[in-house]
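Report on the structure given below.
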Amino acid sequence: MNRVFKILLCLLDALLLNRYKDLSVGLLKIKAATCYVKGVIGARRLFVSAVLLSCLLLLLAVGFVLVHVGFFIWVPWSPKTKALVILALGVVYMTVSSVLILQRCSERTWMKLSKADSVLAAALKNR
Numbered sequence: 550m551n552r553v554f555k556i557l558l559c560l561l562d563a564l565l566l567n568r569y570k571d572l573s574v575g576l577l578k579i580k581a582a583t584c585y586v587k588g589v590i591g592a593r594r595l596f597v598s599a600v601l602l603s604c605l606l607l608l609l610a611v612g613f614v615l616v617h618v619g620f621f622i623w624v625p626w627s628p629k630t631k632a633l634v635i636l637a638l639g640v641v642y643m644t645v646s647s648v649l650i651l652q653r654c655s656e657r658t659w660m661k662l663s664k665a666d667s668v669l670a671a672a673l674k675n676r
């Protein structure tokens, strides 16, 4: 009788420990996914800060534009032609830089590049 009781106790213990292990692993996956996403958010913030800091390069771009303006002052074109060429160049520069900055700073891009969305999906698929 004592032996049967010990066997039942061991089986019960194994079942409870297995259940506890499954719960612990699930919680650990969620915590790991949370930490990973927080890391991605931190990296994104650092990237955005670097982008904003690089806006100081805007001063360099202003110098670039002034070189263009100086060049167009010397060119023997009519003032309307010069103005249209400068306007077109300005629109092209602004459009290209705005599209690139918005695309690189988007949260969706960072989630895809870091694969944080798949980590979250894997962690939460058994929930």
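Straight run, no breaks: the sequence shown in the numbering used here ends on number 676.
Cβ atoms here follow ideal geometry from the backbone N, Cα and C, with glycine treated the same way.
Note that the coordinates shown come from a computational prediction; the quantities given were computed from them, not determined experimentally.
Boundaries of the alpha helix (DSSP H) in which residue i is found, first to last residue
| i | result |
| --- | --- |
| V624 | V624 -> no alpha helix (DSSP H), and no H or E assigned at all. |
| K661 | E656 to S663 |
Check: residue i C-beta below 6 Å from any heavy atom of the ligand FAD
| i | result |
| --- | --- |
| S646 | Although the ligand FAD was asked about, the structure shown includes no ligands whatsoever. |
Contact belief for residue i with residue j at Cβ below 8 Å, rounded distance in angstroms
| i | j | result |
| --- | --- | --- |
| K578 | A672 | 4 Å |
| S663 | V589 | 5 Å |
| V634 | F621 | 7 Å |
| K631 | V624 | 7 Å |
| H617 | L638 | 6 Å |
| Q652 | T644 | About 12 Å separates the two Cβ atoms, so there is no contact after all. |
Beta-carbon proximity of residue i to residue j, cut-off 7 Å
| i | j | result |
| --- | --- | --- |
| V611 | A665 | no |
Residue i burial status per 10 Å Cβ neighbour count (16 or more: buried)
| i | result |
| --- | --- |
| V668 | buried |
| R594 | exposed |
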